[in-house]
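Participant: To start, I am sharing the structure in question, which I have written as C-alpha cells.
There are 2 protein chains.
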Amino acid sequence: MTTVGLISPGAMGASVGAAAAHTGTTVVWASTGRSLSTRERARESGLQDCGTLQNLVATCEIILSVCPPHNAPDVADEVAAFGFSGIYLDANAIAPDVTREIGSTMTRRGARFVDGGIIGGPAWKAESGTQLYLSGKDAWVIADIFEDSNLHTSVISEHIGAASALKMTFAAYTKGSTALLSAILAVAEKEGVRAHLERQWGDEFTRITHQRVTTNTAKAWRFEGEMREIAATFSGAGLPGDFHEAAAQIFADLSKFKDRDETPGIEEVIAALLKPSS
Amino acid sequence: MTTVGLISPGAMGASVGAAAAHTGTTVVWASTGRSLSTRERARESGLQDCGTLQNLVATCEIILSVCPPHNAPDVADEVAAFGFSGIYLDANAIAPDVTREIGSTMTRRGARFVDGGIIGGPAWKAESGTQLYLSGKDAWVIADIFEDSNLHTSVISEHIGAASALKMTFAAYTKGSTALLSAILAVAEKEGVRAHLERQWGDEFTRITHQRVTTNTAKAWRFEGEMREIAATFSGAGLPGDFHEAAAQIFADLSKFKDRDETPGIEEVIAALLKPSS
Numbered sequence: 000m001t002t003v004g005l006i007s008p009g010a011m012g013a014s015v016g017a018a019a020a021h022t023g024t025t026v027v028w029a030s031t032g033r034s035l036s037t038r039e040r041a042r043e044s045g046l047q048d049c050g051t052l053q054n055l056v057a058t059c060e061i062i063l064s065v066c067p068p069h070n071a072p073d074v075a076d077e078v079a080a081f082g083f084s085g086i087y088l089d090a091n092a093i094a095p096d097v098t099r100e101i102g103s104t105m106t107r108r109g110a111r112f113v114d115g116g117i118i119g120g121p122a123w124k125a126e127s128g129t130q131l132y133l134s135g136k137d138a139w140v141i142a143d144i145f146e147d148s149n150l151h152t153s154v155i156s157e158h159i160g161a162a163s164a165l166k167m168t169f170a171a172y173t174k175g176s177t178a179l180l181s182a183i184l185a186v187a188e189k190e191g192v193r194a195h196l197e198r199q200w201g202d203e204f205t206r207i208t209h210q211r212v213t214t215n216t217a218k219a220w221r222f223e224g225e226m227r228e229i230a231a232t233f234s235g236a237g238l239p240g241d242f243h244e245a246a247a248q249i250f251a252d253l254s255k256f257k258d259r260d261e262t263p264g265i266e267e268v269i270a271a272l273l274k275p276s277s
Numbered sequence: 000m001t002t003v004g005l006i007s008p009g010a011m012g013a014s015v016g017a018a019a020a021h022t023g024t025t026v027v028w029a030s031t032g033r034s035l036s037t038r039e040r041a042r043e044s045g046l047q048d049c050g051t052l053q054n055l056v057a058t059c060e061i062i063l064s065v066c067p068p069h070n071a072p073d074v075a076d077e078v079a080a081f082g083f084s085g086i087y088l089d090a091n092a093i094a095p096d097v098t099r100e101i102g103s104t105m106t107r108r109g110a111r112f113v114d115g116g117i118i119g120g121p122a123w124k125a126e127s128g129t130q131l132y133l134s135g136k137d138a139w140v141i142a143d144i145f146e147d148s149n150l151h152t153s154v155i156s157e158h159i160g161a162a163s164a165l166k167m168t169f170a171a172y173t174k175g176s177t178a179l180l181s182a183i184l185a186v187a188e189k190e191g192v193r194a195h196l197e198r199q200w201g202d203e204f205t206r207i208t209h210q211r212v213t214t215n216t217a218k219a220w221r222f223e224g225e226m227r228e229i230a231a232t233f234s235g236a237g238l239p240g241d242f243h244e245a246a247a248q249i250f251a252d253l254s255k256f257k258d259r260d261e262t263p264g265i266e267e268v269i270a271a272l273l274k275p276s277s
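As C-alpha cells, then:
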C-alpha cells in the first residue's frame, strides 16, 4: 500500500486527506509546531501523525501540498531538502509560472511533480462537488488515490501549469468580482448614492451581492495572496494584472474579519473598506 | 415655450433629443463641423439645426450635454465662453469630482448647473427603460422636459455629483465585469485551459459570457474613457482605481472593432487581446 503525506491539514487540506484516507489509503501528517485545533482536525480526518516533516518525507511515496499560496514554494523546498524522491503534488492556488518553477526545482532535485488546482469548498461530501484538477505526466497516480472518494479529480493535461492556470482563471472571476462589488458598494456609500444604486440593481441582485460580500470576509485574509497570484498569472500571459492587485487590496482591508464568530453586516464591511486603517 | 439645445446627437444624444422633441419642446443642435450621418440622425430625431454653437447658446434657455466622457469639460467651457446664463445639464459618464469641477466653473461664470447620469441604451422606446438620473437644485427643470417621454427621469439628490456617482458605480460592475471576463478568456486561452474553464463555468454562463464579450467590442472605443472616469471615481473615494485602469486597457485593445459591420466571434476577440498591437 502507498503511504501518502499531507501538508497541511487546514480547512481544505484536512478534507483532502480525509477523502484519501476514506478509500483505505494510509495518510500521514507532521504535527510538529502545529496548533491544537489543527491536531484535532487531523485526528478527526483519519490522518496519522508521523511527528516531523523529515519522518513524513522518509515514510511517504506521495506528498500532497495544500497550503496558503505564499507558503507553497517554501513547503516544496523543505520537502526537497529532505531528499524526497517520490511524487509531489502542489495543489495550491498559485500562478502557473510559480508552479512551473517549483516543478522544475523538484524534478531537478530528484522528485516527480504533479500540478493540481482545487475548485470548490472543502470536500467533506461527494455532493460538495469539489474538483481537484490535475496536470503533468504522473497526474493519474494522484487521481488514483482519490478514486471513488468525496474529492472528484480530472486530469486535464500533460503540462505542468495547466491545473494551476485553470484554478487561477476560475477564481479570477468568482473572487475578483466579489472584490469588485465590495469596492463598488463602498464608493456608492461614500458618494451617498448606495440606496439608489441598489434600487437600480434590483432586490435580487442586491441581496445576492450583500451575501457574497459579507460571507467572503471570513476568508479575506487568505484571498489577498491568491489575488496576487492571479495578478501574476494575468501579467505572465500579457494581460493586465491590475484587476487582481485591486482585489488583493480589498481583501487585505477586510482581513480583520478573520476571527469573527459571526458574519458581519454589510454596513460594517463597507465601513471597514472606507476606513481600512481602523 | 422653452427652447432646449442638445450637444451632441450621437447614438445616445439623438435619442435624448428625440425624447424631448416628442413632448412638443423645441430642440435645436449646432451642425457646424459635424458629419453627414450625424446631420441625418439629428433630422430624423426631430432636432432643428441652428448652425453654430454660438447661435445655440444665444437661442436656448436649457442646454443638454451628451458626449463622450473626455469631451465633457471642453464642451462646458465652450458653452460658458459664449456667455450662457441658462440651465446646463451635464449627462455624461464622468467622475463626480469632474462633474463638481465643471459645475462650479459653470456657476461661477453665470449659468445654473444640473448633474445627470444615463443608465441604459438609447431611449428610442419607453420600454427601453433608459433612466436619466438627475441631481442638483434645478434638477426638476430637466425632469419636466422629459415628462411622459421615452426617457425616464429620477431626481435623486440636491447635490451635484450624486447622479454622476450613480452612473459610475452602476457601470463599474456591468462594464468592469465584462472587461474582466474578456481578460480571463484570453489568459485561459494563452495557458491552453480555456475549454476546461468553460466546462467548469457550464454552458449557460459560457454562452452569456461569450455574448457579453463579443457584443461589447463595437462600443469598446468609447468605454476606455469611461473606465478611466470610474477609476478616478474609486480613487476619489479612497478605494483602488486599478480594477478600471485594467478595464480601460482591455477596451483600448478592443477599440479596433469600432467600425465593424458584424459582431466578431469570440476567437477573434481573444486573439485581439493576446496580440493587441496587431
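As you go down the protein sequences, you meet chains A and B in turn.
Numbering (numbering that gives the first Met the number 0) for the first sequence: 0 to 277.
Numbering (numbering that gives the first Met the number 0) for the second sequence: 0 to 277.
Where a beta carbon is used, it is the ideal one built from N, C-alpha and C, also for glycine.
If you're wondering where the values come from, they're calculated on a predicted model, not measured in any experiment.
1) If the cut is a Cβ gap below 7 Å, which residues of chain B does L238 of chain A touch?
2) Spell out the partners DSSP gives R99 of chain A in its beta bridges.
3) Name the residues in the region 185-205 of chain B whose C-beta lies less than 7 Å from a C-beta of chain A; which are they?
4) Check whether the region 30-45 of chain B touches the region 69-89 of chain B, taking contact to mean three or more Cβ pairs, one atom from each stretch, closer than 8 Å.
5) Name the DSSP beta bridge partners of I6 of chain B, please?
6) Kindly indicate which three-state DSSP category S277 of chain B falls into: helix, strand or coil?
7) Which residues in the same chain as A138 of chain A place their Cβ atom closer than 6 Å to its Cβ, once the five residues preceding and following it in sequence are excluded?
8) Compare the C-beta of P121 of chain B against all C-beta atoms of chain A and say whether one is closer than 9 Å.
9) For chain B, find out if any of its Cβ atoms is closer than 9 Å to the Cβ of T232 of chain A; answer yes or no.
10) Note down, in chain order, every chain A residue with its Cβ under 7 Å from the Cβ of T168 of chain B.
11) Comparing C-alpha positions only, which one of B:T177, B:G109, B:A19 sits nearest to I207 of chain B?
12) Under a CB-based cut-off of 9 Å, is P8 of chain A close to chain B?
13) Quick check on this structure: which residue in A:A236, A:A231, A:F222 has the alpha carbon closest to the alpha carbon of G191 of chain B?
14) Quick one: grab the DSSP three-state call for G249 of chain A.
15) Taking 9 Å as the threshold (C-beta atoms), are D89 of chain B and G109 of chain B in contact?
16) Could you pull the start and end residues of the alpha helix (DSSP H) that F233 of chain A belongs to?
17) Below 7 Å between beta carbons is the criterion; list the residues of the region 84-99 of chain A that meet it against any residue of chain B, in chain order.
18) From the DSSP output, read off the bridge partner residues of S156 of chain A.
19) Can you give me the start and stop residues for the alpha helix (DSSP H) that I183 of chain A sits inside?
20) Suppose contacts are defined by Cβ-Cβ distances below 9 Å. Is I62 of chain B in contact with I93 of chain B by that definition?
21) From the beta carbon of S103 of chain A, is the nearest beta carbon of chain B less than 9 Å away?
22) Quick one, are the C-beta atoms of A231 of chain A and S254 of chain A less than 9 Å apart?
23) Going along the chain, which residues of the region 237-260 of chain B sit with their C-beta nearer than 8 Å to a C-beta in chain A?
24) For I118 of chain A, go through chain B and note every residue whose CB falls closer than 7 Å to its CB, in chain order.
25) Give me the chain B residues within the contact set of I155 of chain A, using Cβ-Cβ distance strictly less than 8 Å, ordered along the chain.
26) Identify the contact partners of G160 of chain B in chain A, using a Cβ-Cβ distance below 8 Å as the criterion.
27) Judging by CA-CA distance, which residue of B:I144, B:I118, B:W123, B:Q130 is the nearest neighbour of E60 of chain B?
28) Just to confirm, is the Cβ distance from I159 of chain B to R99 of chain B under 9 Å?
29) Is L179 of chain A close to chain B? Criterion is C-beta to C-beta, closer than 9 Å.
30) Taking 9 Å as the CB-CB cut-off, is L5 of chain B touching chain A?
31) Apart from the five residues on each side of it in sequence, which residues of its chain come closer than 7 Å, Cβ to Cβ, to S156 of chain A?
32) Per DSSP, which one or two residues make a beta bridge with G120 of chain A?
33) Let me make sure I understand the geometry here. Which of B:H243, B:A246, B:E146, B:T214 has the alpha-carbon closest to that of V15 of chain B?
34) Which two residues bound the contiguous beta strand (DSSP E) that contains R27 of chain A?
35) Verify the CB distance criterion: does Q210 of chain B have a CB-CB separation below 9 Å to chain A?
36) Are the beta-carbon atoms belonging to I118 of chain B and Q199 of chain A less than 9 Å from one another?
Facilitator: In this structure, then:
1) A182, A185, V186, L272
2) According to DSSP, which records beta bridges pairwise, R99 of chain A is partnered with nothing at all.
3) A185, V186, A187, K189, E190, G191, V192, H195, L196, Q199
4) no
5) B:S64
6) Only weak support is given to the placement of S277 of chain B: the predicted model assigns it a pLDDT of 47, under 50, and the question is left unresolved by the model.
7) V113, V154
8) no
9) yes
10) I183, V186, A187, V192, L196
11) B:T177
12) no
13) A:A236
14) Here the sequence assigns Ile to residue 249 of chain A, which means Gly is not the residue at that position. It is helical.
15) no
16) 219-235
17) P95
18) A:S134
19) 161-189
20) no
21) no
22) no
23) G237, L238, P239, G240, D241, F242, E244, A245, A246, Q248, I249
24) Q199
25) V192, H195
26) E190
27) B:I144
28) yes
29) yes
30) no
31) S134
32) None; G120 of chain A has no bridge partner.
33) B:E146
34) It is worth fixing the name first, because residue 27 of chain A is Val in this sequence and not Arg. Per DSSP, V27 of chain A belongs to the beta strand (DSSP E) from 25-28.
35) no
36) yes
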